[in-house]
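The opening residue of the sequence shown carries number 21 in the numbering used here; numbering runs sequentially from there. Note that CB positions come from ideal geometry on N, CA and C, so glycine has one too.
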Amino acid sequence: MKHSVDWTHDPDLRSWVESANQPDTDFPIQNLPLGVFRRQGMAESARIGVAIGNQVLDLFQAVQMGLLTELPEKLQFACTATLLNPLMALGAEASLHLRHQLSQFLQSSNQPPAFDSGILVPIAEVEMLLPAAIGDYTDFYASIFHATSVGKLFRPDNPLLPNYKFVPIAYHGRASSIVPSGTPIQRPQGQHKQPEETIPTFGPTRLLDYELEVGGFVGAGNKLGQAIALDQAEDHLFGLCLVNDWSARDIQAWEYQPLGPFLAKSFATTISPWVVTLEALAPFRCPAFTRPTDDPVPLPYLASSTNTEWGGIDLILEVKICTARMRAAGMEPFLLSRTSFNQMYWTLAQMLTHHASNGCNLRPGDLIASGTVSGADPGTQGCLLEITQRGAHPLKLPTGEVRAFLLDGDEVIFHGYCEKANYARIGFGECRGIVGIAI
Ligand code: MN
Numbered sequence: 021m022k023h024s025v026d027w028t029h030d031p032d033l034r035s036w037v038e039s040a041n042q043p044d045t046d047f048p049i050q051n052l053p054l055g056v057f058r059r060q061g062m063a064e065s066a067r068i069g070v071a072i073g074n075q076v077l078d079l080f081q082a083v084q085m086g087l088l089t090e091l092p093e094k095l096q097f098a099c100t101a102t103l104l105n106p107l108m109a110l111g112a113e114a115s116l117h118l119r120h121q122l123s124q125f126l127q128s129s130n131q132p133p134a135f136d137s138g139i140l141v142p143i144a145e146v147e148m149l150l151p152a153a154i155g156d157y158t159d160f161y162a163s164i165f166h167a168t169s170v171g172k173l174f175r176p177d178n179p180l181l182p183n184y185k186f187v188p189i190a191y192h193g194r195a196s197s198i199v200p201s202g203t204p205i206q207r208p209q210g211q212h213k214q215p216e217e218t219i220p221t222f223g224p225t226r227l228l229d230y231e232l233e234v235g236g237f238v239g240a241g242n243k244l245g246q247a248i249a250l251d252q253a254e255d256h257l258f259g260l261c262l263v264n265d266w267s268a269r270d271i272q273a274w275e276y277q278p279l280g281p282f283l284a285k286s287f288a289t290t291i292s293p294w295v296v297t298l299e300a301l302a303p304f305r306c307p308a309f310t311r312p313t314d315d316p317v318p319l320p321y322l323a324s325s326t327n328t329e330w331g332g333i334d335l336i337l338e339v340k341i342c343t344a345r346m347r348a349a350g351m352e353p354f355l356l357s358r359t360s361f362n363q364m365y366w367t368l369a370q371m372l373t374h375h376a377s378n379g380c381n382l383r384p385g386d387l388i389a390s391g392t393v394s395g396a397d398p399g400t401q402g403c404l405l406e407i408t409q410r411g412a413h414p415l416k417l418p419t420g421e422v423r424a425f426l427l428d429g430d431e432v433i434f435h436g437y438c439e440k441a442n443y444a445r446i447g448f449g450e451c452r453g454i455v456g457i458a459i
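Okay, here's the thing in structure tokens:
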């Protein structure tokens, strides 16, 4: 199924939630991302919410008030859960149905509910939680620019391994340490060995890095033993978020052979709390990355004309840093890179299809991440390892500080947004985390 543009994407739609009509909001009525929240300081269970302007629409409350009775009962019931998994499990058709209802309900042509209904909560007054129970987490390596420039650092003569252009490479990540944006990140301890050392030492990582990635939440699952055809892959994809795959490069360099990353990655992964649905992204679909003509064509199970023409997403991604000194001086975070997700060698559909191609079952709420999103040009690299060439070229910050890797007190902030003429801009919100000691 290809998600299509419909009346919910009309740029002229306005909401009775005034802040949703501001041109710079991440959450206009055309977006409607879903998340899980709790009112700050309230002893209530978590609820599913929809971001609209600077407010959260409480879906539990909306169902209780009978505002969504046009939806099938099981869909209403899924909206009252404390996690998105039941809603994700209902698949793309339910997701579209919900979007249509929410868009209609929030339009300015409709009567807003009584102001004291408690159905809206300011985003500033909620605590955002993980959107789903993430059973499994798989991290891909889908940017050929990232794979090549990282490969060059370790193998100058042979940067890209021969399987790269045939196999969407991935490793199985750790789901238990995925945390929502804003959670402090503790500097991990681990084994590392300097080239001049004969044996490793154990201690705090000296080479802490971030990785700018896009995450995809699995919607409807597939049965064990049942592969997913490429043109059906997006039926199994609920929506996207931003992912920071924090990485300890010294631990990684020592441990990664022969089985890949382990403790260098599993100490923490931060995700943005709002899940932007595939339906919301329909206007921003674009062709998959154009492979150089002498690259091999993907094997048949990873190739289709729909994927070639529509498999990409023109999602702009930004990384900013704010050091402790910058915060103390009241300075704005500093832009480290800006890139687009449309430069990935493999599409999300190809990653999902490849993942299930051996019969592996994906379950609602599983997370797949894209791998570091890097482009070809300077200023488009998605991690410090690439930007500073493993520390050889430290970057200068406006304070005069230099960074080869992250120091305690550094905050890393990701933003993502889609923009296109004649469409409303939609945003992903933030994915942020401060490194080091809790402050
Ligand atoms: Mn990664």
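Item                                                                                                                    : Value
Per DSSP, the bridge partner or partners of Arg358                                                                      : Glu338
Outcome for Val317 when other beta-carbon atoms lying within 10 angstroms are tallied against a minimum of 16           : exposed
Touching by the beta-carbon criterion (3+ pairs, under 8 Å), the region 172–185 and the region 380–390                  : no
Any heavy atom of ligand 1 within less than 6 Å of residue CB: hits in chain order                                      : Asp159, Glu231, Glu233, Asp265, Gly391 and Thr392
Beta-carbon spacing of Phe160, Ala190 below 8 Å                                                                         : yes
As assigned by DSSP and simplified to three states, the class of Ser129                                                 : coil
Per-residue DSSP class, three states only, for Gly69                                                                    : strand
Neighbourhood of Trp303 by C-beta distance below 8 Å, restricted to the same chain and skipping five residues each side : Per the sequence shown, the amino acid found at residue 303 is Pro instead of Trp. Counting only Cβ-Cβ distances below 8 Å, and skipping sequence neighbours, we find Val25, His29, Cys438, Lys440 and Tyr443.
At least 3 beta-carbon pairs within less than 8 Å: the region 363–370 vs the region 138–148                             : no
Inter-residue CB distance, Gly436 and Ile336 (contact presumed, cutoff 8 Å)                                             : 7 Å
Own chain partners of Ala458 with C-beta closer than 7 Å, once the 5 adjacent residues on each side are dropped         : Residue placement at Ala458 cannot be trusted, given a pLDDT of 48 that sits under 50; what the coordinates show is reported in the next sentence. Cβ within range, chain order: Pro204.
C-alpha distance - Pro200 paired with Leu150, whole-angstrom precision                                                  : 5 Å
Given 8 Å, three or more beta-carbon pairs between the region 263–283 and the region 355–369                            : no
Start-to-end residues for the alpha helix (DSSP H) that takes in Asn328                                                 : Sequence check: residue 328 is Thr here, not Asn. Where Thr328 is concerned, the enclosing alpha helix (DSSP H) stretches over Ser325 to Trp330.
8 Å Cβ cutoff met for Val295 and Leu262                                                                                 : no
Bridge-paired residues (DSSP) for Tyr157                                                                                : Gly193 and Leu387
Residue range of the unbroken alpha helix (DSSP H) whose run includes Leu187                                            : Correcting the residue type first, residue 187 is Val in the shown sequence and not Leu. Unbroken run through Val187: none, as it is neither H nor E.
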